[in-house]
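Structure first, then comments.
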Amino acid sequence: MARYQYKYRPPQRRKFPMLAVMFILALVMLIVYPFLEARQLSVDEHTVTVSNLPTNLKNLKIVFVSDIHQNRWFSQMRVNDLIKMVNNLSADIIILGGDYADDSDGAIDFFYNAPKLHARLGVFAIMGNHDRTVPESNLNVLIAQMKNYGCIPLVNEVSRVKVGQTYVTIAGVDDYYNGYPEVAKVAAQVSQDDFVIFAGHTPDLMPDMLTARSSDGDNHWFDLALFGHTHGGQVTFFGKSIFKNLSPEIGSRYLTGWFEENRAAVLVSNGVGTSVLPVRFFAKPQIHSITLKSR
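If you use the numbering used here, the sequence shown corresponds to residues 1 to 295, in order.
Take a look at the structure:
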């Protein structure tokens, strides 16, 4: 009678289920992470060196905050935390870069409900495309509410702030898309001897800025330019945004970060909030603390 010989074979690990689990986990992270990144607000500290900077402007600190987009995803509690974060920076000047909510009614409510911002030399605000939605009459209401809040609205205007024995000039224009920006008019109100901080909601304004002239005919009429609007692309892959949020003339050239134009420093901020969906991908939210130094 033949004997049956049994040989033990250990069970083989199934590779496919493990790969499937890893794939599912990666997919979950890919879905969840953009929601988490949208809440990773940080302070970008930067030093701008300026030739022949007046002594009284050395170490001047400017804080720039743009694209807050208060809405159902960016609650009043988050606004309160943001204001506290900005106030803790002890700014000399605060500049708000527009898009306070998703429409003009929301922008009015933002300035009605937000805690006060504090800066030694003042808080200044410009209009974004979401702040200039219909009706047109809301513009005057929003401007009035900004003033009641304690900030200085700049709609195709300049404001001169005395710092010791000199002045810093802050220039702001209306929104590029839904307003009536007058860059040439603003440039003509400054001279080449002024130290000018220009605030515009979107870098789409850059071509007009490069052709504008100061009152004495100089094209080098601004020393620092601050923009928002792009959200840094908000959702990006390999440095390219899935959103088309700039005009074809500009494209993705000014998507995010620091640039130099006309011998001046130019900042395009990722902003604070989000639009369409409360997600960000490789475009973290940020506020900016900028210190002036002499070259």
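Just so you know, even glycine gets a beta-carbon here, dropped at the ideal spot from N, CA and C. These numbers come from a predicted model, not from an experiment.
Check your understanding: Near Phe259, what residues of its chain come up, given a Cβ to Cβ distance below 6 angstroms and the 5 sequence neighbours on each side ignored?
Key -> Val266
Point to revise | Beta-carbon contacts of Gln76 that lie in its chain and below 7 angstroms, excluding the five residues immediately before and after | key: Asn113
Exercise for review: Using 8 angstroms as the cut-off, classify the Cβ of Gly232 as near or not near the heavy atoms of the ligand SAM, replying yes or no.
Suggested key: Only the bare structure without any ligand can be found here, which leaves the ligand SAM out of the picture.
Review point. Val163 lies in the beta strand (DSSP E); which residues open and close that run?
Key: 157-163
Check your understanding: Does the region 117-133 touch the region 90-98, meaning 3 or more C-beta pairs lie closer than 8 angstroms?
Key -> yes
Practice item. Inspect the CB distances between the region 179-192 and the region 78-92 and report whether three or more fall short of 8 angstroms. Key: no
Review point. So what's Phe23 in DSSP terms, helix, strand or just coil?
Key: helix
Exercise for review: Just the C-alpha distance for Thr256 and Leu25, rounded to the nearest angstrom, thanks.
Suggested key: 31 angstroms
**Study point:** Candidates Tyr177, Asp223, Ser191, of which the one nearest His201 by Cα
**Key:** Tyr177
**Study point:** Status (buried if at least 16 other CB within 10 Å, exposed otherwise) for Met209
**Key:** buried
Review point. Opposite Ser294 in the DSSP bridges: which residues?
Key: Val50
Review point. Do the region 270-277 and the region 228-246 meet, that is, are 3 or more Cβ pairs less than 8 angstroms apart?
Key: yes
**Study point:** Simplified DSSP assignment, three categories, for Lys284
**Key:** coil
**Study point:** C-alpha gap between Leu154 and Pro115, whole angstroms
**Key:** 20 angstroms
Exercise for review: Kindly give me the distance between the Cβ atoms of Gly172 and Phe124, rounded to whole angstroms, as I take these residues to be in contact under 8 angstroms.
Suggested key: 7 angstroms
Review point. Can you check whether the CB of Val63 is closer than 9 angstroms to the CB of Val290?
Key: It is Ile, not Val, that sits at residue 290 in the sequence shown. Yes, the pair counts as a contact, with Cβ atoms nearer than the cut-off.
Review point. Which partner residues of Ile152 appear in the DSSP bridge assignment?
Key: Phe124
Point to revise | Close-in-space but distant-in-sequence residues of the same chain around Phe281 (CB under 8 angstroms, 5 per side omitted) | key: Tyr33, Pro34, Glu37, Gln234, Val235, Thr236, Phe237
Exercise for review: State yes or no: is the C-beta of Thr230 within less than 9 angstroms of the C-beta of Val196?
Suggested key: no
Practice item. Have a look at Phe74, Phe110, Lys61, Asp223 and flag the residue whose alpha-carbon is nearest the alpha-carbon of Asn148. Key: Phe110
Check your understanding: At which residues does the beta strand (DSSP E) containing Gly106 begin and terminate?
Key -> Run containing Gly106: none in the beta strand (DSSP E); it sits in the alpha helix (DSSP H), 104-113.
Check your understanding: Looking at C-alpha atoms only, which residue of Ser90, Ala144, Arg78 is the closest neighbour of Asp105?
Key -> Ala144
Review point. Can you tell which of Ser159, Ile152, Gly128, Met29 has its C-alpha closest to the C-alpha of Asp102?
Key: Gly128
Check your understanding: So what's Phe195 in DSSP terms, helix, strand or just coil?
Key -> strand
**Study point:** Integer-rounded CB distance, given that Leu205 should sit under 8 angstroms from Ala181
**Key:** In the sequence on display, residue 181 carries Pro and not Ala. So it is a contact: roughly 6 angstroms between Cβ atoms.
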